[in-house]
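Let me begin by presenting the structure, written as structure tokens, before commenting on it.
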Amino acid sequence: EGEHDLAAFLRACFNGEGAASGSLSPRHCQAFSIVFQLLNIVEENTANQVRRGSEHPSRRESEPGSWLYNLQDLRQRGFDESAVRQALERMSVEPVLTAHPTEAKRATVLEHHRAIYLLLVERDSRLFTDVELAIFRRRLKAALERLWRTGEIYLARPDVESEVRNTLYYLRSVFPDVVELLDLRFQQSWRAVFATAPPRLPQVRFGDWAGGDRDGHPLVTPEVTGLTLGLLREGALSVLRERLKQVGARLSLERPSGWRSILVEERIRELSAFVGEASQGILSRNTREPWRQLVNLMLLRLERANGGDTPPGGYASAPGLIEDLEVLEASLHQAGAVHIAEMDVRPLVAQARVLGFQLATLDIRQDSTYHDRAIAGLLRASGASRFDYPNWSEDEKLDFLNRELQTPRPFTAPHMRLSDEAAHVVALFQLLRGHLTRYGPEGIGPLIVSMTRSVTDLLAVYLLAREGGLLTETPEGLACELPVTPLFETIEALEHSREILDAFLRHPFTGRTLGYLQRRDKRAAREMVVMLGYSDSNKDGGILASHWALRQAQSGMAELARECGVRLSFFHGRGGTIGRGAGPTHAFLESLPAGSLMGRMRVTEQGEVIAQKYANRVTATYHLERLLAGVARTTLLHESGGGAPHPLERLWPAVVERSVRAYRDLVDSDGFLPFFLQATPIDVIEQTRIGSRPSRRGPKEALADLRAIPWVFSWSQARFHLPGWYGVGTALDWLRNEHPSGWGALREQVSTWPYLTYLLHNVEASLMMADAGLMQSYASLVTDQELRQRVMDDILREYRHAQTLIDELFGGPAAARRPRLAQAIRLRECALKPLHAEQVRLLAEWRKEPTAEKLQTLLLTVNAIAMGQKMTG
Numbered sequence: 003e004g005e006h007d008l009a010a011f012l013r014a015c016f017n018g019e020g021a022a023s024g025s026l027s028p029r030h031c032q033a034f035s036i037v038f039q040l041l042n043i044v045e046e047n048t049a050n051q052v053r054r055g056s057e058h059p060s061r062r063e064s065e066p067g068s069w070l071y072n073l074q075d076l077r078q079r080g081f082d083e084s085a086v087r088q089a090l091e092r093m094s095v096e097p098v099l100t101a102h103p104t105e106a107k108r109a110t111v112l113e114h115h116r117a118i119y120l121l122l123v124e125r126d127s128r129l130f131t132d133v134e135l136a137i138f139r140r141r142l143k144a145a146l147e148r149l150w151r152t153g154e155i156y157l158a159r160p161d162v163e164s165e166v167r168n169t170l171y172y173l174r175s176v177f178p179d180v181v182e183l184l185d186l187r188f189q190q191s192w193r194a195v196f197a198t199a200p201p202r203l204p205q206v207r208f209g210d211w212a213g214g215d216r217d218g219h220p221l222v223t224p225e226v227t228g229l230t231l232g233l234l235r236e237g238a239l240s241v242l243r244e245r246l247k248q249v250g251a252r253l254s255l256e257r258p259s260g261w262r263s264i265l266v267e268e269r270i271r272e273l274s275a276f277v278g279e280a281s282q283g284i285l286s287r288n289t290r291e292p293w294r295q296l297v298n299l300m301l302l303r304l305e306r307a308n309g310g311d312t313p314p315g316g317y318a319s320a321p322g323l324i325e326d327l328e329v330l331e332a333s334l335h336q337a338g339a340v341h342i343a344e345m346d347v348r349p350l351v352a353q354a355r356v357l358g359f360q361l362a363t364l365d366i367r368q369d370s371t372y373h374d375r376a377i378a379g380l381l382r383a384s385g386a387s388r389f390d391y392p393n394w395s396e397d398e399k400l401d402f403l404n405r406e407l408q409t410p411r412p413f414t415a416p417h418m419r420l421s422d423e424a425a426h427v428v429a430l431f432q433l434l435r436g437h438l439t440r441y442g443p444e445g446i447g448p449l450i451v452s453m454t455r456s457v458t459d460l461l462a463v464y465l466l467a468r469e470g471g472l473l474t475e476t477p478e479g480l481a482c483e484l485p486v487t488p489l490f491e492t493i494e495a496l497e498h499s500r501e502i503l504d505a506f507l508r509h510p511f512t513g514r515t516l517g518y519l520q521r522r523d524k525r526a527a528r529e530m531v532v533m534l535g536y537s538d539s540n541k542d543g544g545i546l547a548s549h550w551a552l553r554q555a556q557s558g559m560a561e562l563a564r565e566c567g568v569r570l571s572f573f574h575g576r577g578g579t580i581g582r583g584a585g586p587t588h589a590f591l592e593s594l595p596a597g598s599l600m601g602r603m604r605v606t607e608q609g610e611v612i613a614q615k616y617a618n619r620v621t622a623t624y625h626l627e628r629l630l631a632g633v634a635r636t637t638l639l640h641e642s643g644g645g646a647p648h649p650l651e652r653l654w655p656a657v658v659e660r661s662v663r664a665y666r667d668l669v670d671s672d673g674f675l676p677f678f679l680q681a682t683p684i685d686v687i688e689q690t691r692i693g694s695r696p697s698r699r700g701p702k703e704a705l706a707d708l709r710a711i712p713w714v715f716s717w718s719q720a721r722f723h724l725p726g727w728y729g730v731g732t733a734l735d736w737l738r739n740e741h742p743s744g745w746g747a748l749r750e751q752v753s754t755w756p757y758l759t760y761l762l763h764n765v766e767a768s769l770m771m772a773d774a775g776l777m778q779s780y781a782s783l784v785t786d787q788e789l790r791q792r793v794m795d796d797i798l799r800e801y802r803h804a805q806t807l808i809d810e811l812f813g814g815p816a817a818a819r820r821p822r823l824a825q826a827i828r829l830r831e832c833a834l835k836p837l838h839a840e841q842v843r844l845l846a847e848w849r850k851e852p853t854a855e856k857l858q859t860l861l862l863t864v865n866a867i868a869m870g871q872k873m874t875g
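Under the numbering used here, the final residue of the sequence shown carries the number 875; numbering is consecutive throughout.
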């Protein structure tokens, strides 16, 4: 009812022929949201079609960022096939899927999106008769009707189990096919560039935070973590069984007359001995089809793969399966069945190497202050006279930890009553101990310490591991069975990261642990992972300071690791918005400091980014290919030297200092917090049910306690996009006026320094998405007129400075230089304006008279604006 009028209204809005007069109904808001979603789907499909067109034989240039592009570039730079092959064999890339609360779309809505996307792909990929086209249109209308009649917003917060199952969907249903296509594209590109048999696809694994990340999240209990580990294992074995059955069904090859394969026959004998009597039934069938017999024996071993409870002949771990698959592949090559080996078996080898028996490694993350309270709880339970551990000085903590880490004796006995924090940590570590005993280390990621500020924050985890049974005795002394990873998040922590890591690496307990892990996992060197936080450092000091502190920290820690003989890799905690570290992958990799990327990288894929990148096979392959190929290229460039500082590096720290001062002057100014709380829809965003995690670290209404995601989300909804640019205008203005020669050098050389080009292009994108008129509209909600005027004067002055100076720096208006981004923004702008107007009107009413009905409509506006901007927090 009224849908034709609604459609006409939407058409007028998108054509810029009129805006809303009066208020928008909830159906208007939902309709806007759906149209934005459809526009995003069409753009995704179009981008994929354009990329396919760029790979047409008639095109001489390959798609930037692809395997073909990067391999060609490396060859042109003088890297021979052997050097590239060796580098790829050392590589390890791990995208880590997180449950950050930034995905505003319900899982059901995402499923409808995927169905519509697949229909568009089908329409582009085949010819239709008139009858088929009519049927297709009916199917598309049905898909659209389902989307229209589905509720847009979460009525209740998703529980952690739902988030776990959402992650499992990608790991089970998307990535296996993506890995196959990724490997095929890699093989094709390798042959085109080097004309030799390609090596294995560089090692890629997936990580998972859903069910393991408990930082400020009381609902992630040890029981949830145990459930998650079980689901990851069950999912991996299920996928591999199904894929192996498919391979077996295809391998109906008869053994050629007079031909024997010693390789296959020996492996069949070995597997038959492993599984015992059960092999007799397998060997009595398909007597002239040895490859199928081998696959059936492998299936039996896979069905018996149950870790510590493995019946005779079952696979204990994924490497055993991979070894058998490689024998199968090699024997087919020997028999001349090359295409079958490469198209049927090699993809399964790649999938087994990626998925293992756990689908993904589950990281365990907790805040350092939580660990402090857990130790206090253990001290209290043990009867210690002094148990206020969080209040001890750093020296007192270090002396205490050094003493305690020399003995395997725990503080407590099983019958003792523990504090909530101590009980949680001990139960969690005991659970991990059980998994290690039954299945080995596969599937458990590092113990990540968020808000790491000192070496005792890291050593404390070793002490807690002792209570949970995670220590082991080595010839050199006690060691931990799981690696501990610092997470440096604030500007101050990043500035001290080298000295903290130095103290940690040189500590005897860490030395023993890294040595133990090297031997256990058969690694070529001692390895260490350090995680870097992009969100809190930005919230702390602004975008220029955040990126500079991250760069300096990576350079310093990479140099330290080389001195210590440790292979260091960085785990980049990038979010989905520029204010939280987002940006084009290939440009991000090129921007990394020399020597910081040595073949191994982890990177978070958060919230809405997961669906944007990985919901569809072709798009997912595109993003993973650019990550792997980019890491390969950057690694070889870093290893080959060329790390001389760019001339602008001497100039940049002073610019950063001016930006920090401007940013802190704003956020520390009198009344800024009330301004933020009133000029943005933060109070509505805190009512959303997007994720299971609370929006604040504590109960206080203070900026320090507000998480980075709602901070960025609020500014983006109100079209300030402030975390992506504030402080840049003042800093560049200072340089131009006070150091004209430095400004001239910056203008001449900015495009020759990938770090700065990447950073300022991201700043520019944030400025393009911001809107001064809408900022003023949201600022009208601030009741104190003097405060509103004062803060807005600062914000608008900074905004205009940044716009003008970046245009001057790059030689022209952003819209002319970046027409595709400008067009994407313009396409949505006319339709976003009425939504923003409705949100401002409703915010004013709801704050005076809060009702459930007004809140529901406000939540719909939040959702629709997020869809229109393709971002949340």
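Idealized CB from N, CA, C, for every residue including glycine. Note that this is a predicted model, so its numbers are computed, not measured.
Cα-Cα separation between residue 489 and residue 769, rounded to whole angstroms: When rounded, the distance between both Cα atoms is 29 angstroms.
Please state whether DSSP places residue 564 in a helix, a strand or coil. Shown here, residue 564 sits in a helix according to DSSP, grouped into three states.
Give the secondary structure of residue 601 by DSSP, where H, G and I count as helix, E and B as strand, and everything else as coil. Secondary structure of residue 601 (DSSP, three-state): coil.
Would the beta-carbon of residue 860 fall within 9 angstroms of that of residue 686? Less than 9 angstroms divides the Cβ of residue 860 from the Cβ of residue 686.
Residue 497 versus residue 557 - alpha carbon distance: Distance between the alpha carbons of residue 497 and residue 557: 11 angstroms.
Rounded straight-line distance, which links the Cα of residue 444 to that of residue 532: A straight line joining the alpha-carbon of residue 532 with that of residue 444 spans about 20 angstroms.
Are residue 329 and residue 242 close, meaning C-beta to C-beta below 9 angstroms? Going by beta carbons, residue 329 and residue 242 fall outside the 9 angstroms limit.
Under 9 angstroms between the Cβ atoms of residue 235 and residue 431? Not a contact, by the Cβ cut-off of 9 angstroms.
Contiguous alpha helix (DSSP H) assignments of at least 4 residues, all confined to the region 787 to 838: DSSP runs (the alpha helix (DSSP H)) wholly in the region 787 to 838: 787 to 812, 816 to 819.
Assuming residue 99 contacts residue 208 (C-beta within less than 8 angstroms), just tell me the rounded distance between them. With 8 angstroms as the limit, residue 99 and residue 208 qualify as a contact, their Cβ atoms being about 7 angstroms apart.
Pairs of beta-carbons, one from the region 174 to 194 and one from the region 346 to 360, closer than 8 angstroms: are there three or more? The region 174 to 194 is in contact with the region 346 to 360.
Secondary structure of residue 410, DSSP reduced to three states: Coil at residue 410, not helix or strand.
Measuring only the C-alpha atoms, how far is residue 169 from residue 240? In this model, residue 169 and residue 240 are separated by some 16 angstroms (Cα to Cα).
With distances taken Cα to Cα, identify the nearest neighbour of residue 552 among 565, 572, 786. Measuring from the Cα of residue 552, the nearest candidate turns out to be 572.
Going by C-alpha to C-alpha distance, which of 410, 822, 667, 857 sits closest to residue 792? Residue 792 has its Cα closest to that of 667, out of 410, 822, 667, 857.
Contact set for residue 511: own chain, Cβ-Cβ below 6 angstroms, skip 5 residues either direction: The answer, listed in chain order, is 407, 464.
DSSP three-state label for residue 508, please. Secondary structure at residue 508: coil, using DSSP grouped into helix, strand and coil.
Would you kindly report the start and end of the unbroken alpha helix (DSSP H) that includes residue 262? No alpha helix (DSSP H) holds residue 262; DSSP gives it neither H nor E.
By DSSP's criteria, residue 449 is part of a beta bridge. Which residues make up the other side? BP columns for residue 449 point to 366, 486.
Among 621, 755, 586, the one whose alpha carbon lies nearest that of residue 654: Here the closest residue by C-alpha is 755.
Could you tell me how far apart the beta carbons of residue 592 and residue 636 are, in whole angstroms, since I believe they sit closer than 8 angstroms? Indeed they touch by this definition, with Cβ atoms about 7 angstroms apart.
Are at least three pairs of beta-carbons, each pair with one atom in the region 595 to 613 and one in the region 559 to 566, less than 8 angstroms apart? When C-beta atoms of the region 595 to 613 are compared with those of the region 559 to 566, three or more pairs fall below 8 angstroms, so the two segments count as touching.
Classify residue 226: buried if its beta carbon has 16 or more other beta carbons within 10 angstroms, exposed otherwise. Only buried fits residue 226, as 16 or more other CB atoms lie within 10 angstroms of its CB.
Relative to the alpha-carbon of residue 873, which residue among 729, 758, 125, 720 has its alpha-carbon at the smallest distance? Measuring from the Cα of residue 873, the nearest candidate turns out to be 720.
Any idea if residue 395 is buried or exposed, counting beta-carbon neighbours within 10 angstroms, 16 or more meaning buried? It counts as exposed.
I need the straight-line Cα distance from residue 759 to residue 175, nearest angstrom please. Residue 759 and residue 175 have their C-alpha atoms spaced approximately 37 angstroms apart.
Output the distance between the C-alpha atoms of residue 1 and residue 256, rounded to the nearest integer angstrom. The structure shown has nothing for residue 1, since the chain only spans 3 to 875.
Taking three-plus beta-carbon pairs below 8 angstroms as touching, is the region 519 to 530 in contact with the region 456 to 470? Verdict: no, contact absent.
Taking only the alpha-carbon atoms, compute the straight-line gap between residue 472 and residue 634 and give it to the nearest angstrom. When rounded, the distance between both Cα atoms is 35 angstroms.
Roughly how far, in whole angstroms, is the beta-carbon of residue 200 from the beta-carbon of residue 189, given that I think they are within contact range, below 8 angstroms? Yes, they are in contact, since the Cβ atoms of residue 200 and residue 189 sit about 5 angstroms apart, within 8 angstroms.
Cβ-based neighbour list, residue 166, same chain, cut-off 6 angstroms, excluding 5 preceding and 5 following: Only 212, 213, 230 meet the Cβ criterion.
Distance CB(residue 451)-CB(residue 487) smaller than 9 angstroms: The Cβ atoms of residue 451 and residue 487 sit closer than 9 angstroms to each other.
Helix, strand or coil for residue 5? Go by DSSP, reduced to three states. Helix.
Within 10 angstroms of its Cβ, does residue 137 collect 16 or more other Cβ (buried), or is it exposed? Around the beta carbon of residue 137, fewer than 16 other beta carbons lie within 10 angstroms, which makes this residue exposed.
Taking the DSSP output, what are the residues bridged to residue 607? Residue pairing by DSSP places residue 607 opposite 99 in a beta bridge.
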